[in-house]
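Beneath this line is the structure, given in structure tokens, with notes to follow.
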Amino acid sequence: VSLKLLVALVWCADRELGEALFRPHDDDWALLLEPLWALPWVVSWFAHDVDDDAALRRLWDRLISRPPCFSLYLAAALVARHRDALFATAADADHGAPVH
Numbered sequence: 786v787s788l789k790l791l792v793a794l795v796w797c798a799d800r801e802l803g804e805a806l807f808r809p810h811d812d813d814w815a816l817l818l819e820p821l822w823a824l825p826w827v828v829s830w831f832a833h834d835v836d837d838d839a840a841l842r843r844l845w846d847r848l849i850s851r852p853p854c855f856s857l858y859l860a861a862a863l864v865a866r867h868r869d870a871l872f873a874t875a876a877d878a879d880h881g882a883p884v885h
């Protein structure tokens, strides 16, 4: 499954957020178009980010029973859910390239 789909999913879910985060017109932000920042989520199925073992097992049950691209949809939903914090971070980073 290509991580590049994640950028498109975020854009589809929230165009304003997609423009704020990925800024395809700004070369300093071009790295975010390659969403390597989400690679640990997809590879480890969020194991490094979920502290509750029971919740993690339920999540893995869902991921096992869904198509392989489901983890990308979940990642896009998480990005959209943290919209306000991401907008604040993007506003703080307007003075330079983002650090992820």
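Every number in the numbering used here is 785 more than the matching position in the sequence shown, counting from 1. Yeah, the Cβ is synthetic: ideal placement off N, Cα and C, and Gly gets one too. All figures in this text were calculated on a predicted structure; none of them were measured in a lab.
- For the options K789, R842, L790, the alpha carbon positioned closest to that of W830 is the one of R842.
- Taking a contact as a CB-CB distance under 8 Å, the pair L794 and L857 counts as one, their CB atoms being some 6 Å apart.
- Only exposed fits P852, as fewer than 16 other CB atoms lie within 10 angstroms of its CB.
- When only Cα atoms are considered, R800 and L791 end up about 13 Å apart.
- With contacts defined as CB atoms closer than 8 Å, L824 and V835 fail to qualify as a contacting pair.
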